[in-house]
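Novice: Residue numbers for the sequence shown follow my numbering, beginning at 37 and rising by one.
Note that beta-carbon positions come from the ideal geometry of N, C-alpha and C, so glycine has one too.
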Amino acid sequence: MQYPLISEYLAAIRDAHDNLEKLSHLVPVLDNYGEPYRSSGAFAVVFKMKDEQTGKCYALKCFTEEQEGRAEAYRQIAEELEFVDSAYITYVKYLEKELFVDSNCEDDEFPVLLMDWIEGETMETYIADHYMDNHAISMLCYRFCKMAAWLRSQSFAHGDIKPDNIMVRPDGTLTLVDYDGMFVPAMKGQKSPTIGTKDFSHPLRTIDDFDETIDDFALASIALSLKAISLNPSLLNEYGASDRLLFSAADYLDLSKSKTMTALQDLLADEGTRTLLSMFLLASAKKNLSMCSFRLFGVEKPKEEEVWSTEVTEEDLKNAVEDEFGVKYSRDWKRLLKAPSRLIYGEYSIRKGVKVIGNSAFGGCESLSSINIPNSVTMIGEGAFAFCYSLTTINIPNSVTTIGIEAFRDCESLTSINIPNSVTTIGNGAFWGCKSLTSINIPNSVTMIGEDAFSRCKSLTSINIPNSVTTIRDGAFKNCINLLSHIKSDIIQRFGEEVFNP
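#1: I'd like the list of long-range same chain contacts for Val390, defined as Cβ closer than 8 angstroms, with 5 residues on each side in sequence excluded.
#2: Give the single residue among Lys494, Phe333, Asn518 and Tyr39 whose Cα lies nearest to the Cα of Ser139.
#3: Alpha carbon to alpha carbon, how far is Gly511 from Lys494? Give it in angstroms, no decimals.
#4: Grab me the residues of Tyr288's own chain with a C-beta within less than 6 angstroms of its C-beta, minus the 5 sequence neighbours each way, in chain order.
#5: Pick helix, strand or coil for Pro410, following the three-state DSSP scheme.
#6: Can you tell me whether Leu404 is buried or exposed? The criterion is at least 16 other CB atoms within 10 Å of its CB, across all chains shown.
#7: Return yes when the Cβ of Val128 is within less than 8 angstroms of the Cβ of Tyr215, no when it is not.
#8: Please report how far the alpha carbon of Cys177 lies from the alpha carbon of Lys263, in whole angstroms.
#9: Helix, strand or coil for Pro206? Go by DSSP, reduced to three states.
#10: What first and last residue would you give for the alpha helix (DSSP H) that runs through Lys182?
#11: For Glu132, does the three-state DSSP call read helix, strand or coil?
#12: Please work out which residues of its chain come closer than 8 angstroms, Cβ to Cβ, to Met297, disregarding the five sequence neighbours upstream and downstream, and give them in chain order.
#13: Just the Cα atoms here: how many angstroms apart are Phe423 and Ser396?
#14: Taking 8 angstroms as the threshold (C-beta atoms), are Val505 and Ile485 in contact?
#15: Which residues in the same chain have their Cβ closer than 8 angstroms to the Cβ of Tyr381, if we skip the five residues on either side of it in sequence?
#16: What does a CB cutoff of less than 7 angstroms around Ser191 pick up in its chain, not counting 5 residues either side in sequence?
#17: Report all residues from its chain with a CB closer than 6 angstroms to the CB of Leu312; omit the five preceding and five following residues, and keep chain order.
#18: Just the C-alpha distance for Leu473 and Phe421, rounded to the nearest angstrom, thanks.
#19: Mind checking which residues open and close the beta strand (DSSP E) that includes Thr429?
#20: Grab the span of the beta strand (DSSP E) containing Leu372 for me, first residue to last.
#21: Grab me the residues of Val363's own chain with a C-beta within less than 6 angstroms of its C-beta, minus the 5 sequence neighbours each way, in chain order.
#22: Under the DSSP definition of a beta bridge, which residues are partnered with Leu543?
#23: Can you round the beta-carbon distance between Met218 and Ala193 to whole angstroms, since I take them to be within the 8 angstroms contact cut?
#24: Pull up the distance between the alpha-carbon of Ser189 and that of Lys471, whole angstroms please.
#25: Would Leu135 pass as a contact of Asn55 if the rule is Cβ separation under 8 angstroms?
#26: Go ahead and pull the three-state DSSP assignment for Tyr365.
#27: Can you name the residues that DSSP bridges to Thr461?
#28: Could you tell me if the beta carbon of Glu248 falls within a distance shorter than 7 angstroms of some heavy atom in the ligand ZN?
#29: Taking its Cβ as the centre, do 16 or more other Cβ atoms sit within 10 Å of His166, making it buried, or is it exposed?
#30: Out of curiosity, what's the CA-to-CA distance linking Trp468 and Lys86?
#31: Look at the alpha carbon of Ala305 and the alpha carbon of Phe236, and state the distance between them as a whole number of angstroms.
#32: Under a three-way DSSP split, which group does Met297 fall into?
#33: Let me confirm a value: Tyr69 is counted as buried when at least 16 other C-beta atoms fall within 10 Å, else exposed. Which label applies?
#34: Using the rule of at least 16 other Cβ atoms within 10 Å of the residue's Cβ for burial, across every protein chain shown, is Lys339 buried or exposed?
#35: Would you list the one or two residues that DSSP bridges to Cys98?
#36: Would you mind reading off the limits of the alpha helix (DSSP H) that contains Tyr13?
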């Protein structure tokens, strides 16, 4: 069977009401360019759809290549998962001849797969953004191991376990996606539609390996890699790659020659590492973990992360250590305390591993034009970059949850700002007087915008305020003289004119 091009699917989804049959109540969610929000892979394109009556979002998967037996396989998968009550698995339903597509194909009606839409990011992206944060990766390893133990206790298997097929929700919980290679008991005796992804699959796996143990090797490999990265993040830089973790397919062929395996020897003082390494070696030797209990994935839960303060005291400064630029840090290098008002260079990179940028840390650094913030930082303190008149752009990593009061006040040259979807609060006067700022996108993680947050941003003409924002304090956009005419009336009615009072 020939399938449409992605562009042809896109045209059909634009008019989803007319082109969908049983799912005609769903409408496409649009991206920033007014097009249906979508993501594409090797064999399919997925559209984000919404039921406007319930507000619930779904993922609608449209296939671009033929897969023999797909309809029957998904019927069996849907029957198996129907009564599985777990956040690790999502709802799935296969609908034959559901979507009409005007294309050059012989057919004009095509199947779709309907799933729950999972908010969050892939584990691959999460690791890339957080690998320097020991606590974040330790928690990820703990949650992954809990999922691995649960999955090994089930009668089915995913079939292609890898970070790109695991979603990390905003609360940190995990969900498996992409069930094209799934095994369920009704498929016993059949051939596997996939042998998994080579950098996460046993080197001897074939299409004849198709039972509830096919995930075991990938689970053991990923769990061990996550544990190692949580203890030594530099391992990912040295041995990892953009589409895998520490081990490659070449490593699996001969572990005795693997440089990654040699590097792991330095971590064997850790009990959890020893246990996970033992399981990995067993899975490598036997292709599965049927000889050991799923309970061995029960790694110890990390202790609660210490809360770091942005307040900087005289005692802190007295006991501080300095880098080569004269920037002062706490002795454990977790808190950036104070930068000299005149940095030698206009560009500065904060040390990796720093948790907070202290109050007024870069306040008054008039020559600072560029700042690199590592993704270990969780809080930007009050006035942290206030009066940095030369600062033009700044990228806030998605580890940051709070932007403090007057954090970027009077950064007059700041033309753009990226606020990640980890931020929940924008403090009072956070961007007060940023007169060169022209547009701002508020992510749907933000619930509160403080008083005078964007006051006197005279060049601001565009701002997106999502439904997640429940509170905007008075004067948040005061004296934004070019903005008021661009704000939709429903936004003004929702929050009151005093928020936008010129």
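Specialist: Quick look at the numbers:
#1: Counting from one through the sequence shown, the residue named residue 390 turns up at place 354. These residues qualify, in order along the chain: Tyr365, Trp369, Lys370, Arg371, Leu372, Pro410, Ser412 and Val413.
#2: Locating residue 139 in the sequence shown gives position 103, where the first residue counts as 1. Nearest option by C-alpha distance: Tyr39.
#3: Locating residue 494 in the sequence shown gives position 458, counting from the first residue. Locating residue 511 in the sequence shown gives position 475, counting from the first residue. One C-alpha to the other measures close to 14 angstroms.
#4: Numbered from its first residue, the sequence shown carries residue 288 at position 252. The answer, listed in chain order, is Pro239.
#5: If you number the sequence shown from 1, residue 410 lands on position 374. Note: Pro410 maps to coil in three-state DSSP.
#6: As a working mapping, residue 404 is identified with position 368 in the sequence shown. With 16 or more Cβ atoms within 10 Å of its Cβ, Leu404 is classed as buried.
#7: One-based indexing of the sequence shown puts residue 215 at position 179. One-based indexing of the sequence shown puts residue 128 at position 92. A contact, by the Cβ cut-off of 8 angstroms.
#8: Here residue 177 is taken as the residue at index 141 of the sequence shown, counted from 1. Here residue 263 is taken as the residue at index 227 of the sequence shown, counted from 1. Going from the Cα of Cys177 to the Cα of Lys263 covers about 6 angstroms.
#9: To locate residue 206, count along the sequence shown from 1; it is residue 170. DSSP places Pro206 in coil when its eight states are reduced to three.
#10: The residue you call residue 182 lines up with position 146 of the sequence shown. Note, Lys182: alpha helix (DSSP H), Asn170 to Arg188.
#11: Within the sequence shown, the letter at position 96 stands for residue 132. Of the three classes helix, strand and coil, the one that applies to Glu132 here is strand, per DSSP.
#12: On the sequence shown, position 261 is the one that residue 297 refers to. Cβ within range, chain order: Asp287 and Leu291.
#13: The count along the sequence shown starts at 1 and reaches residue 423 at position 387. The count along the sequence shown starts at 1 and reaches residue 396 at position 360. So the two alpha carbons sit approximately 10 angstroms from each other.
#14: Position 449 of the sequence shown holds residue 485. Position 469 of the sequence shown holds residue 505. Cβ atoms of Ile485 and Val505: closer than 8 angstroms.
#15: Residue mapping note: residue 381 aligns to position 345 of the sequence shown, counting from 1. Closer than 8 angstroms at Cβ, skipping near neighbours: Phe361.
#16: Position 155 of the sequence shown, counted from the start, is the residue given in the question as residue 191. Cβ neighbours of Ser191 beyond the five flanking positions: Pro221 and Glu248.
#17: Indexing the sequence shown from 1 puts residue 312 at position 276. Within the same chain, Leu312 has close Cβ partners Ala259, Leu260 and Lys263.
#18: Within the sequence shown, numbered from 1, the residue matching residue 473 stands at position 437. Within the sequence shown, numbered from 1, the residue matching residue 421 stands at position 385. Between Leu473 and Phe421, the C-alpha separation is close to 15 angstroms.
#19: Along the sequence shown, one-based indexing puts residue 429 at 393. Where Thr429 is concerned, the enclosing beta strand (DSSP E) stretches over Thr429 to Asn431.
#20: As a position in the sequence shown, residue 372 is number 336, starting the count at 1. Counting along the chain, the beta strand (DSSP E) containing Leu372 begins and ends at Arg371 to Lys374.
#21: As a position in the sequence shown, residue 363 is number 327, starting the count at 1. Only Ala375 meet the Cβ criterion.
#22: A question about residue 543 goes unanswered here, because the residues of the chain that appear run from 37 up to 538.
#23: The residue labelled residue 218 in the question sits at position 182 within the sequence shown. The residue labelled residue 193 in the question sits at position 157 within the sequence shown. With a Cβ gap of about 7 angstroms, Met218 and Ala193 count as contacting.
#24: The residue labelled residue 189 in the question sits at position 153 within the sequence shown. The residue labelled residue 471 in the question sits at position 435 within the sequence shown. C-alpha separation (whole angstroms): 58 angstroms.
#25: Your numbering for residue 135 matches position 99 in the sequence shown. Your numbering for residue 55 matches position 19 in the sequence shown. In contact: Leu135 and Asn55 (Cβ atoms closer than 8 angstroms).
#26: Residue 365 sits at position 329 when you count from the first residue of the sequence shown. Note: Tyr365 maps to strand in three-state DSSP.
#27: Here residue 461 refers to the residue found at position 425 of the sequence shown. DSSP, once it has assigned bridges, lists Thr438 and Met484 as partnering Thr461.
#28: Of ligands this structure carries none, so the ligand ZN is not represented either.
#29: As a working mapping, residue 166 is identified with position 130 in the sequence shown. So His166 ends up on the buried side.
#30: For the purposes of this step, residue 468 is taken as residue 432 along the sequence shown, with counting starting at 1. For the purposes of this step, residue 86 is taken as residue 50 along the sequence shown, with counting starting at 1. Distance between the alpha carbons of Trp468 and Lys86 is about 37 angstroms.
#31: As a first step, residue 305 is located in the sequence shown; it is residue number 269 there, counting from the start. As a first step, residue 236 is located in the sequence shown; it is residue number 200 there, counting from the start. Straight-line Cα distance between these residues: approximately 25 angstroms.
#32: For the purposes of this step, residue 297 is taken as residue 261 along the sequence shown, with counting starting at 1. Reduced to three states, the DSSP call for Met297 is helix.
#33: On the sequence shown, residue 69 is found 33 positions in, with the first residue counted as 1. So Tyr69 counts as exposed.
#34: Residue 339 sits at position 303 when you count from the first residue of the sequence shown. Answer is exposed; the Cβ neighbour count stays below 16.
#35: Position 62 of the sequence shown holds residue 98. Val81 and Val148.
#36: Because residue 13 is not part of the residues shown, which for the chain are 37 to 538, the question remains open.
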